[in-house]
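Below is one structure, written out as structure tokens, with a few remarks after it.
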Amino acid sequence: MLNIENISYKVQNAQREDILQNISLSFPENKITVITGPNGSGKSTLLKLIAGILQPTSGKICLNKQDITPLSVTKRANLGITLAWQQPVRFKGITVKQLLTFANPNCAQLSTACSALARVGLCAKNYVNRLADESLSGGELKRIELACALAKGGNILLFDEPEAGIDLWSFTQLTHMFTSIQNATIIIVSHQTKILEIADYICLFQEDGSAILDTKQKLLPKIQQTPTCQKLQEEV
Ligand SMILES: Nc1ncnc2c1ncn2[C@@H]1O[C@H](COP(=O)(O)OP(=O)(O)O)[C@@H](O)[C@H]1O
Ligand SMILES: [Mg+2]
């Protein structure tokens, strides 16, 4: 079980200094939790805190009762925490296959690298030897990032707006990819109704930096009635 205990994250000299304020959440094990809420409410910040890319100002993060707050990104990755970024990075001089192999050494084998790409709807022969640089479109890069996260695997899989830029790949394939993952706690940041619909639990971020987590059955109807949500769904 992943527990966020009284987490605050502040930045100095920013327009809004208190990005997350005293948040406590328990993410149910081996379930899909979709985090949603207004832009700028701190959703990506929370995923970065869980992955260890950012350190909280106060509070702690526990995985199976172990306090992982002091652990590095690498140690957390070795414990099975995997993050697929909202905005993946491009790499000059590195091929897609090499990138997949960093995520999972078994991808050095061509067939394994190709299956990883196929899982995200990419025709492997067109991509496996391509450079993971600016020659890839945003959507292609996003799918490759998803393929790397899936190839690495883990018990805690964090996906930050996985649908962003993926226009041509049907949502059914994307949602099926998530629902077919076994034995992992999946946390997805998304505004998309189709992704909210596959959630077991929803975590709703508020503009004031607070968050609530409850079952989809309880939260989805409330979210769909709020003006903020209607606005968000018009935007996407
Ligand atoms: N290092 C930083 N310095 C200043 N402001 C930041 C920093 N990191 C995040 N923010 C601000 O914190 C807020 C939350 O950001 P983010 O977690 O990316 O929001 P979300 O993913 O919910 O859209 C935003 O207003 C963002 O501009
Ligand atoms: Mg974000």
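Numbering (the numbering used here), first residue to last: 155 to 390.
We put the beta carbon where it would ideally sit given N, CA and C, even for glycine.
Could you tell me if residue i is buried or exposed, where buried requires 16 or more neighbouring beta carbons within 10 angstroms of its beta carbon?
{"i": "Lys376", "result": "exposed"}
{"i": "Asp314", "result": "buried"}
{"i": "Thr228", "result": "exposed"}
{"i": "Cys302", "result": "buried"}
{"i": "His345", "result": "buried"}
{"i": "Ile181", "result": "Correcting the residue type first, residue 181 is Phe in the shown sequence and not Ile. With 16 or more Cβ atoms within 10 Å of its Cβ, Phe181 is classed as buried."}
{"i": "Val390", "result": "Summary for Val390: the model assigns pLDDT 46, below 50, so the residue's position carries little reliability; its value from the coordinates is reported in the next sentence. Exposed, by the Cβ-count rule."}
{"i": "Leu311", "result": "buried"}
{"i": "Thr369", "result": "exposed"}
{"i": "Cys268", "result": "buried"}
{"i": "Phe256", "result": "exposed"}
{"i": "Ser178", "result": "exposed"}
{"i": "Pro224", "result": "exposed"}
{"i": "Lys296", "result": "buried"}
Say the cut is 6 Å; is the CB of residue i nearer than that to a heavy atom of ligand 1?
{"i": "Asn193", "result": "yes"}
{"i": "Ile356", "result": "no"}
{"i": "Val274", "result": "no"}
{"i": "Val188", "result": "no"}
{"i": "Ala168", "result": "yes"}
{"i": "Val411", "result": "An answer regarding residue 411 cannot be provided, because it is not within the stretch 155 to 390 covered by the chain."}
{"i": "Ile173", "result": "yes"}
Is it true that the CB of residue j sits closer than 7 Å to the CB of residue i?
{"i": "Lys185", "j": "Asp354", "result": "yes"}
{"i": "Leu358", "j": "Leu373", "result": "yes"}
{"i": "Ile215", "j": "Ile173", "result": "no"}
{"i": "Ala305", "j": "Ala262", "result": "no"}
{"i": "Tyr281", "j": "Val243", "result": "no"}
{"i": "Gly319", "j": "Thr236", "result": "no"}
{"i": "Gln240", "j": "Ser198", "result": "yes"}
{"i": "Thr329", "j": "Ile352", "result": "yes"}
{"i": "Ala272", "j": "Ala278", "result": "yes"}
{"i": "Gly213", "j": "Ser265", "result": "no"}
{"i": "Ala363", "j": "Gln175", "result": "One detail in the question is off: residue 363 reads as Gly in this sequence, not Ala. Their beta carbons are under 7 Å apart, which means Gly363 touches Gln175 by this criterion."}
Which partner residues of residue i appear in the DSSP bridge assignment?
{"i": "Thr223", "result": "None; Thr223 has no bridge partner."}
{"i": "Ser162", "result": "Ser212"}
{"i": "Tyr281", "result": "Tyr281 is not bridged to any residue."}
{"i": "Asp144", "result": "Shown here, the chain extends from 155 to 390; a query on residue 144 therefore has no answer."}
{"i": "Ala238", "result": "Phe313"}
{"i": "Asp368", "result": "Ile356"}
{"i": "Leu179", "result": "Ile158"}
{"i": "Val138", "result": "Outside the displayed span of the chain (155 to 390) sits residue 138, for which this structure offers no information."}
{"i": "Leu254", "result": "In DSSP, Leu254 forms no bridge with anything."}
Check your reading: residues with Cβ closer than 7 Å to ligand 2 heavy atoms: Lys197, Ser198, Gln240, Asp314, Glu315 and Val343
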